[in-house]
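For reference, the structure discussed in these notes is given below.
Residue numbers (my numbering): 1030 to 1156.
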């Protein structure tokens, strides 16, 4: 007498690791308040905060995921912050926009003789 034939089990599928679809808001710092939606027909990804109402839209492609929209939002926020820092630094070092009238006494302090052995009559002007 032989054994009964048992059916073999199929291969076990690996669990696919899911990427998050809800994230932490950069402005209000609430966890899981950002939700991302993807509209494949119009190729636009939208990000909305449920708490503070922040929203962001980004162009997407067929391979885009919600994490891609969130990372685009982070990059856009960093670019805006960096641009504001540049403008702030320029304003600190920028003059009032008024030209100063330079008198002869001030002009003499700005003109220095050019050091060359061959020609002694030339002057170099520093502004």
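Just so you know, even glycine gets a beta-carbon here, dropped at the ideal spot from N, CA and C.
If you're wondering where the values come from, they're calculated on a predicted model, not measured in any experiment.
Exercise for the section: Whole angstroms is fine: what's the gap from residue 1089's alpha carbon to residue 1096's? Expected result: 11 Å
Practice task
Starting from residue 1085, trace the beta strand (DSSP E) both ways and give me its first and last residue.
Solution key: 1084-1088
Exercise for the section: Name the one or two DSSP bridge partners that residue 1064 has. Expected result: 1051 and 1077
Problem - Euclidean distance between Cα positions of residue 1061 and residue 1053 - result: 5 Å
Handout entry: Exposure of residue 1056, with buried meaning 16 or more beta-carbon neighbours within 10 Å
Key = exposed
Practice task
Please look up how many angstroms separate the CB atoms of residue 1071 and residue 1084, rounded, as I've assumed it's under 8 Å.
Solution key: Going by Cβ atoms, the distance from residue 1071 to residue 1084 rounds to 16 Å, so no, they are not a contact pair.
Problem - Candidates 1041, 1058 and 1051, of which the one nearest residue 1064 by Cα - result: 1051
Handout entry: Beta-carbon proximity list for residue 1048, same chain, < 6 Å, skipping 5 on both sides
Key = 1094 and 1096
Practice task
Check whether the Cβ atoms of residue 1087 and residue 1098 lie closer than 8 Å to each other.
Solution key: yes
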